[in-house]
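Residue numbers (the numbering used here): 9 to 124.
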Amino acid sequence: MHTRPDPVPAPHTRRAPLRPGISHRTRPPRIDWSRLDPQVAHLRDSGLSNRETARRLNLNVKTMETRLRHLRLHQAATHMALRGDELRRACLNCDAAFIADGRFLRLCPTCRTMFG
9 MHTRPDPVPA PHTRRAPLRP GISHRTRPPR IDWSRLDPQV AHLRDSGLSN
59 RETARRLNLN VKTMETRLRH LRLHQAATHM ALRGDELRRA CLNCDAAFIA
109 DGRFLRLCPT CRTMFG
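Structure below.
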């Protein structure tokens, strides 16, 4: 026995955008990183810690650490192409960006020699 589809979509389905190219984002980004990245670089170059840099820019420390991790991984991505078995990672101990030789490698070479 065949049933006809409901003319009204189910309430849990997402409606298609009114026009192609419209983003589903409902609010602007909270942080304008294009304006803050030069200030972050200047403060970090002057020797301030993540905590002090975040405090001076009125940011959460975790937000600052996440942004720095993103920048390090992006910088490593632009400098070299990877082989099929290599992965870009952030070290679980010191948070440094490095290229892992396998999917189970989570520590950078420096930390591997420390814990070794």
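Built from N, CA and C at the ideal position, the CB exists for glycine as well.
Under DSSP, the alpha helix (DSSP H) around R63 begins and ends at which residues?
What you label residue 63 is simply residue 55 of the sequence shown in a count that begins at 1. 58-64 is the extent of the alpha helix (DSSP H) around R63.
I believe L115 touches L100 by the beta-carbon criterion, under 8 Å. Please report the beta-carbon distance rounded to the nearest angstrom.
By 1-based counting over the sequence shown, the position of residue 115 is 107. By 1-based counting over the sequence shown, the position of residue 100 is 92. Yes, they are in contact, since the Cβ atoms of L115 and L100 sit about 6 Å apart, within 8 Å.
In the DSSP assignment, find the unbroken beta strand (DSSP E) run with A98 in it and report its ends.
On the sequence shown, position 90 is the one that residue 98 refers to. 95-98 is the extent of the beta strand (DSSP E) around A98.
I'd like to know whether the C-beta atoms of L44 and L65 end up nearer to each other than 8 Å.
For the purposes of this step, residue 44 is taken as residue 36 along the sequence shown, with counting starting at 1. For the purposes of this step, residue 65 is taken as residue 57 along the sequence shown, with counting starting at 1. Yes, the Cβ-Cβ distance between L44 and L65 is below 8 Å.
Where does F123 sit, in a helix, a strand or coil, going by DSSP?
Within the sequence shown, the letter at position 115 stands for residue 123. Reduced to three states, the DSSP call for F123 is helix.
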